[in-house]
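Student: Here's a structure for you.
There are 2 protein chains.
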Amino acid sequence: MSQGQFVLGAFIPGTLSGSAWRLPEAPLDTFRSLEHYQYIARKLEAGRFHSLFFNDTLDVKLDLALQRGPNSVRWDPLILAPALAASTRHIGLIATASTTYNEPYNVARKYAALDHLSGGRAGWNLVTSLGGGENFNRQEHVEHDDRYARAEEFYDVVSGLWDSWADDAFIQDKASGTWLDIDKLHVLDHQGEHFQVRGPLNVSRSPQGHPVVAQAGASVAGKRLAARVGELIFTAQHTIEQGRAFYQETKAAAAAFGRGANELKILPGVSPVVGKTLAEAQAKYDRQQELLEPKAFLSSISKFVSLGYDLSELPFDEVVPLPPEHFTTNTHQSRQKLVFDLIRRERPTVRQLFNQLTSGGHRILIGTPESIADDLHAWYEAGAADGFNIMFSGLHSAIDDFVDCVVPELQRRGLFQREYAGTTLRENLGLPYRTNRFF
Amino acid sequence: MSQGQFVLGAFIPGTLSGSAWRLPEAPLDTFRSLEHYQYIARKLEAGRFHSLFFNDTLDVKLDLALQRGPNSVRWDPLILAPALAASTRHIGLIATASTTYNEPYNVARKYAALDHLSGGRAGWNLVTSLGGGENFNRQEHVEHDDRYARAEEFYDVVSGLWDSWADDAFIQDKASGTWLDIDKLHVLDHQGEHFQVRGPLNVSRSPQGHPVVAQAGASVAGKRLAARVGELIFTAQHTIEQGRAFYQETKAAAAAFGRGANELKILPGVSPVVGKTLAEAQAKYDRQQELLEPKAFLSSISKFVSLGYDLSELPFDEVVPLPPEHFTTNTHQSRQKLVFDLIRRERPTVRQLFNQLTSGGHRILIGTPESIADDLHAWYEAGAADGFNIMFSGLHSAIDDFVDCVVPELQRRGLFQREYAGTTLRENLGLPYRTNRFF
Ligand SMILES: Cc1cc2nc3c(=O)[nH]c(=O)nc-3n(C[C@H](O)[C@H](O)[C@H](O)COP(=O)(O)O)c2cc1C
Ligand SMILES: Cc1cc2nc3c(=O)[nH]c(=O)nc-3n(C[C@H](O)[C@H](O)[C@H](O)COP(=O)(O)O)c2cc1C
Numbered sequence: 296m297s298q299g300q301f302v303l304g305a306f307i308p309g310t311l312s313g314s315a316w317r318l319p320e321a322p323l324d325t326f327r328s329l330e331h332y333q334y335i336a337r338k339l340e341a342g343r344f345h346s347l348f349f350n351d352t353l354d355v356k357l358d359l360a361l362q363r364g365p366n367s368v369r370w371d372p373l374i375l376a377p378a379l380a381a382s383t384r385h386i387g388l389i390a391t392a393s394t395t396y397n398e399p400y401n402v403a404r405k406y407a408a409l410d411h412l413s414g415g416r417a418g419w420n421l422v423t424s425l426g427g428g429e430n431f432n433r434q435e436h437v438e439h440d441d442r443y444a445r446a447e448e449f450y451d452v453v454s455g456l457w458d459s460w461a462d463d464a465f466i467q468d469k470a471s472g473t474w475l476d477i478d479k480l481h482v483l484d485h486q487g488e489h490f491q492v493r494g495p496l497n498v499s500r501s502p503q504g505h506p507v508v509a510q511a512g513a514s515v516a517g518k519r520l521a522a523r524v525g526e527l528i529f530t531a532q533h534t535i536e537q538g539r540a541f542y543q544e545t546k547a548a549a550a551a552f553g554r555g556a557n558e559l560k561i562l563p564g565v566s567p568v569v570g571k572t573l574a575e576a577q578a579k580y581d582r583q584q585e586l587l588e589p590k591a592f593l594s595s596i597s598k599f600v601s602l603g604y605d606l607s608e609l610p611f612d613e614v615v616p617l618p619p620e621h622f623t624t625n626t627h628q629s630r631q632k633l634v635f636d637l638i639r640r641e642r643p644t645v646r647q648l649f650n651q652l653t654s655g656g657h658r659i660l661i662g663t664p665e666s667i668a669d670d671l672h673a674w675y676e677a678g679a680a681d682g683f684n685i686m687f688s689g690l691h692s693a694i695d696d697f698v699d700c701v702v703p704e705l706q707r708r709g710l711f712q713r714e715y716a717g718t719t720l721r722e723n724l725g726l727p728y729r730t731n732r733f734f
Numbered sequence: 296m297s298q299g300q301f302v303l304g305a306f307i308p309g310t311l312s313g314s315a316w317r318l319p320e321a322p323l324d325t326f327r328s329l330e331h332y333q334y335i336a337r338k339l340e341a342g343r344f345h346s347l348f349f350n351d352t353l354d355v356k357l358d359l360a361l362q363r364g365p366n367s368v369r370w371d372p373l374i375l376a377p378a379l380a381a382s383t384r385h386i387g388l389i390a391t392a393s394t395t396y397n398e399p400y401n402v403a404r405k406y407a408a409l410d411h412l413s414g415g416r417a418g419w420n421l422v423t424s425l426g427g428g429e430n431f432n433r434q435e436h437v438e439h440d441d442r443y444a445r446a447e448e449f450y451d452v453v454s455g456l457w458d459s460w461a462d463d464a465f466i467q468d469k470a471s472g473t474w475l476d477i478d479k480l481h482v483l484d485h486q487g488e489h490f491q492v493r494g495p496l497n498v499s500r501s502p503q504g505h506p507v508v509a510q511a512g513a514s515v516a517g518k519r520l521a522a523r524v525g526e527l528i529f530t531a532q533h534t535i536e537q538g539r540a541f542y543q544e545t546k547a548a549a550a551a552f553g554r555g556a557n558e559l560k561i562l563p564g565v566s567p568v569v570g571k572t573l574a575e576a577q578a579k580y581d582r583q584q585e586l587l588e589p590k591a592f593l594s595s596i597s598k599f600v601s602l603g604y605d606l607s608e609l610p611f612d613e614v615v616p617l618p619p620e621h622f623t624t625n626t627h628q629s630r631q632k633l634v635f636d637l638i639r640r641e642r643p644t645v646r647q648l649f650n651q652l653t654s655g656g657h658r659i660l661i662g663t664p665e666s667i668a669d670d671l672h673a674w675y676e677a678g679a680a681d682g683f684n685i686m687f688s689g690l691h692s693a694i695d696d697f698v699d700c701v702v703p704e705l706q707r708r709g710l711f712q713r714e715y716a717g718t719t720l721r722e723n724l725g726l727p728y729r730t731n732r733f734f
């Protein structure tokens, strides 16, 4: 069985994802409305969610899917998160930022400031990005392993800068006029391959010591980084067995870096569709699937994972051909592997594959509050998860369903918290405070 | 006489500046407290200030002044501004961001998002920065004219990205499933000397079209940039004659770029100290001056403007020696010129210079609500200002004094607004909407 408390994080896409925006009850313009996000953050906080997570990309893919939904248009999470920090009191706010197209000094500073102003509720989803080179002085996206090499060093600089000041550096003695103790300041002086950063950071140490670091890399290099520095590990396993294997492998890999099992939480993503009855849930799901444009979706996913052929050109009920023997993509290795494996293992028809993939590769849970709670409970009991990253489309009614129906069911079982355990995100998650390595 | 409405902007430093933190009534820890800033923003909004402005630096100067006050430790304005946007309804929020140590795609996106979530209240103080190279892979700060060359192109990329989408690009037709009209998208494809950026921006066009651009450069290159792209011009003139000359020069320079006089507002900075009587105001001022540490201040300003000798080593009542003949500094050319000119013109003692410079070179206005209103009124009438950038230390009582006493006096004279004129910052300032150049 998994140890520590059962964690619930929420994943909210840039704006209503998939076909959700086409539903009659979906408001227009959610991508220009702070109120939309405030509603979500406050509702999830009422449901005692530990955290709210915003993914991010740095480009607009000029493909067929662009016209079909708000996939690539979204606010910068580091602008949205502070606004939501001022609109909530307890929920953690995890914003994605790229190590490939940012400077570590800027990133260290922004998260430290977010941690301050939220009272210790900041998290950083550290990504190497799925694209964007063409917007940052490059012909192409930086190559996969170079991205991770840079990310490793980037993290070292950022976390070193977070330790620029002892917690008690700022004595602020009015009588003598001494604002800070100069001996409680560490000049990082990082001289590395990718970065030369002197420091110190121009923000004091923040309430959590370090903001919580989330990581979702799943390639060899990605898993290594996650094991070394990730505190929340987002993943996308489909069966309890796969989940347990990943869980054990990841905690063991972290242990090899000298980290305790309680220093990282493994959160598989699940997409819930909640109904009073299974039939009602299934009807809700079908309604959304019918509004999806299979052709646009299948064509862009074919490209995304470098399938080598275009799924959208195949008849809907034909069995999907086998993918190429070897994995070769510069963007999304783990998603490619997931799709290739799925095709090899299940030999699905195009329609079946379509249905599986429309949640972005995450497990879709269609059911009643009881059946969904059963499922999450079983994964947790089996040691396949420390909790879950609940993937929402952004539709308010679906979030309401989960908070109003599934959360109480989880609480009734004594599985999920009725109150926040502490003040900071770290305390709420049961992650240890990050002490300063220099003081 | 100046045209258009009388503008009041507020300048709030990273945290309590100068010696304000040493006053008995100053709370500790303002540099870690969102409530501190929320109080200020809401008070200024109650006083109908047009905007609230946050300056920024990207390094910690390891000098004597560091111990003496919170000069270089501050949150990133682009993290603070969204939190304040969620905490206010009318006031404009102007955040500083560097063109030297950022990427234009990131900057364009962050301000567009801030403009969205604030309902059109975002401004960008475009600076080339006073330092920071050592935190961004460099031995030294980028050279002055190179910074401005980069800034010119940076602005072109950012403003081009802001025009990525027609205002009506996002049709969101639920029936057909068409989210956007692909013909209403402009791919920038910028290929320049410093930047190659394809676009489009992954944020839709924001309420103001473009966030308002503020600029305070005062070197030859700085003034050129301000004349071409600045909409709020921060400056630091000391006499009405200087103010008028700068005003006319700047509006003429803008006209040479094809811009109308109403397309930019010139706002000299003033530091007010308000009392019921002049004596009370003077006493407030003296109290703060006494708490300053002259040695630390004089030593760091000597370095800052490359004076060539150390003011802190001279007797306090000695006349300051003449500065070097030629200006040579890579950081702050206009401030250097201001200090050198002041020394040459007024031949002050060290003490007199100290008193003049402790407001960072801005004019200090010690007086009653009436005398301060008289002064501001006279500048406005004389065509030396479109309004003012009121420099506060961050001390709440000083902001209260201004809002509760000076603002009503300005309103009584019919000079200053009793209500906001519109919804967006641009509307409130009387600046024209920025139409999309591509649609
Ligand atoms: C729940 C979840 C959220 C993710 N969010 C982002 C994101 O916001 N931005 C991004 O570029 N990648 C995101 N990713 C992708 C991963 O960070 C990573 O880039 C991807 O798994 C490819 O990494 P790999 O090459 O190590 O497999 C996410 C992945 C998962 C499972
Ligand atoms: C009111 C005011 C605010 C300023 N704020 C900033 C700031 O936040 N960050 C910064 O680097 N420079 C700031 N400056 C400095 C100018 O942007 C500019 O860098 C400086 O005047 C030197 O430019 P120059 O070399 O063109 O003279 C400010 C100047 C004034 C007058």
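Here the protein sequences line up with chains A and B, keeping their order.
Read in order, the letters of the first sequence correspond to residues 296 to 734 in this note's numbering.
Read in order, the letters of the second sequence correspond to residues 296 to 734 in this note's numbering.
Glycine included, every Cβ here is placed at the ideal spot set by N, Cα and C.
(1) Suppose you measure from the CA of residue 503/B to the CA of residue 496/B; what does that come to, to the nearest Å?
(2) In the region 488-503 of chain B, which residues sit with their C-beta less than 9 Å from some C-beta in chain A, listed in chain order?
(3) Using Cβ-Cβ distances below 9 Å, what residues of the region 322-345 of chain B are close to chain A?
(4) By how many angstroms is the C-alpha of residue 425/A removed from the C-alpha of residue 460/B?
(5) For residue 594/A, decide whether its Cβ has a neighbour in chain B, counting only Cβ atoms nearer than 8 Å.
(6) Mind the definition here: the region 541-550 of chain A touches the region 508-527 of chain A only if three or more C-beta pairs lie below 8 Å; say whether that holds.
(7) Can you name the residues of chain B whose CB is closer than 9 Å to the CB of residue 388/A?
(8) With distances taken Cα to Cα, identify the nearest neighbour of residue 697/A among 614/A, 724/A, 660/A and 397/A.
(9) I'd like the list of long-range same chain contacts for residue 509/A, defined as Cβ closer than 8 Å, with 5 residues on each side in sequence excluded.
(10) Can you tell me where the beta strand (DSSP E) with residue 465/A in it begins and where it stops?
(11) My output table needs one value for residue 311/B: the three-state DSSP class, helix, strand or coil.
(12) Which term fits residue 477/B, buried or exposed, when burial requires 16 or more other beta carbons within 10 angstroms of its beta carbon?
(13) Could you please tell me which residues of the region 682-705 of chain A, in chain order, have their CB closer than 9 Å to any CB of chain B?
(14) Between residue 398/B and chain A, is any beta-carbon pair separated by less than 8 Å?
(15) Our contact map puts residue 718/B next to residue 414/B with C-beta atoms below 8 Å; I'd like the distance itself, whole angstroms only.
(16) Taking only runs that begin and end inside the region 340-414 of chain B, name each unbroken alpha helix (DSSP H) of 4 or more residues, in chain order.
(17) Could you spell out the range, first to last residue, of the beta strand (DSSP E) harbouring residue 523/A?
(18) If distances are taken between C-alpha atoms only, which option among 605/A, 387/A, 670/A and 612/A comes closest to residue 619/A?
(19) Residues of the region 519-552 of chain A with a CB closer than 8 Å to any CB of chain B: list them in chain order, please.
(20) Just verifying my parser: in three-state terms, what is the DSSP assignment at residue 479/A?
(21) Report yes or no: is there a C-beta of chain B within less than 8 Å of the C-beta of residue 374/A?
(22) Sorry if obvious, but does the Cβ on residue 454/B come closer than 7 Å to a heavy atom of ligand 2?
(23) Mind listing, in chain order, the continuous beta strand (DSSP E) runs of no fewer than 3 residues lying wholly within the region 504-592 of chain B?
(24) Just checking residue 733/A against ligand 2 - is the residue's beta carbon closer than 7 Å to any of the ligand's heavy atoms?
(25) Throw me the rounded Cβ distance for the residue 362/B and residue 474/A pair, which I believe falls under 8 Å.
(26) Within a Cβ cutoff of 6 Å, which residues of the same chain sit near residue 591/B, ignoring the five residues on either side of it in sequence?
(27) Would you tell me roughly how many angstroms separate the C-alpha atoms of residue 378/A and residue 691/B, rounded to the nearest one?
(28) Ends of the beta strand (DSSP E) at residue 417/B?
(29) Which residues in chain A have a C-beta closer than 9 Å to the C-beta of residue 411/B? List them in chain order.
(30) If you measure from the beta carbon of residue 352/B to each beta carbon in chain E, is any gap under 8 Å?
(31) Is the beta carbon of residue 307/A less than 8 Å from the beta carbon of residue 689/A?
(32) If we count the other Cβ atoms within 10 Å of its Cβ and call it buried at 16 or more, is residue 653/A buried or exposed?
(33) Is it true that the region 577-597 of chain B meets the region 605-614 of chain B, where meeting means three or more beta-carbon pairs spaced less than 8 Å apart?
(34) Given that residue 355/A touches chain B, what residues does it touch there, using C-beta distances under 7 Å?
(35) Can you tell me which residues form a DSSP beta bridge with residue 501/B?
Tutor: Checking against the coordinates, here is how it stands:
(1) Roughly 16 Å between the two C-alpha positions.
(2) When CB distances to chain A are screened at a threshold of 9 Å, the residues of the region 488-503 of chain B falling below it are 489, 490, 491, 492, 493, 494, 495, 496, 497, 498, 499, 501 and 502, in chain order.
(3) For the region 322-345 of chain B, the residues whose beta carbon sits under 9 Å from a beta carbon of chain A are, in order, 323, 324, 326, 327, 328, 329, 332 and 333.
(4) If I take the Cα positions, the gap works out to 23 Å.
(5) Contact with chain B is absent for residue 594/A, since none of that chain's Cβ atoms lies less than 8 Å from the residue's Cβ.
(6) Touching, yes, given that three or more Cβ pairs across the two stretches are closer than 8 Å.
(7) Residues of chain B passing the Cβ test: none, with the nearest at roughly 11 Å.
(8) Distance from the Cα of residue 697/A is smallest, within the candidate group 614/A, 724/A, 660/A and 397/A, for 660/A.
(9) The beta carbon of residue 509/A is closer than 8 Å to those of 348, 389, 418, 419, 420, 421, 525, 526, 527, 528 and 529 in its chain, skipping five residues each way along the sequence.
(10) For residue 465/A, there is no enclosing beta strand (DSSP E), as DSSP marks it with neither H nor E.
(11) DSSP places residue 311/B in coil when its eight states are reduced to three.
(12) Taking all protein chains in view, the Cβ of residue 477/B is surrounded by fewer than 16 other Cβ atoms within 10 Å, so the residue is classified as exposed.
(13) Taking 9 Å as the Cβ-Cβ cut-off against chain B, none of the residues of the region 682-705 of chain A qualify.
(14) True, the Cβ-Cβ gap to chain A drops below 8 Å.
(15) Between residue 718/B and residue 414/B the beta-carbon gap is near 7 Å, inside 8 Å, which marks them as a contact.
(16) Taking 4 residues as the minimum length, the alpha helix (DSSP H) runs contained wholly in the region 340-414 of chain B are 372-380 and 399-412, in order along the chain.
(17) First-last for residue 523/A: 515-524, but that is the alpha helix (DSSP H), not the beta strand (DSSP E).
(18) With distances taken between Cα atoms, residue 619/A lies closest to 605/A.
(19) Within the region 519-552 of chain A, no residue qualifies.
(20) Here residue 479/A carries a helix assignment [DSSP, helix/strand/coil].
(21) At least one chain B Cβ lies under 8 Å of residue 374/A.
(22) Not so, every heavy atom of ligand 2 lies at least 7 Å from the Cβ.
(23) Runs found: 507-510, 527-530 and 560-569.
(24) Checking every heavy atom of ligand 2 against the Cβ of residue 733/A, none is found closer than 7 Å.
(25) With 8 Å as the limit, residue 362/B and residue 474/A qualify as a contact, their Cβ atoms being about 6 Å apart.
(26) Sequence-distant partners of residue 591/B (beyond 5 residues in either direction) whose C-beta falls short of 6 Å from its own C-beta, in its chain, are 359, 360 and 363.
(27) Cα-Cα distance, rounded: 23 Å.
(28) Unbroken beta strand (DSSP E) run through residue 417/B: 417-422.
(29) Simply 326, 327, 328, 329, 370 and 374.
(30) You won't find chain E in this structure, because its protein chains are A and B.
(31) Between residue 307/A and residue 689/A, the gap from beta carbon to beta carbon is short of 8 Å.
(32) Classification for residue 653/A: buried.
(33) At 8 Å Cβ cutoff, the stretches touch.
(34) Those within 7 Å of residue 355/A in chain B are 495 and 497.
(35) Per the DSSP secondary-structure output, residue 501/B pairs in a beta bridge with 504/B.
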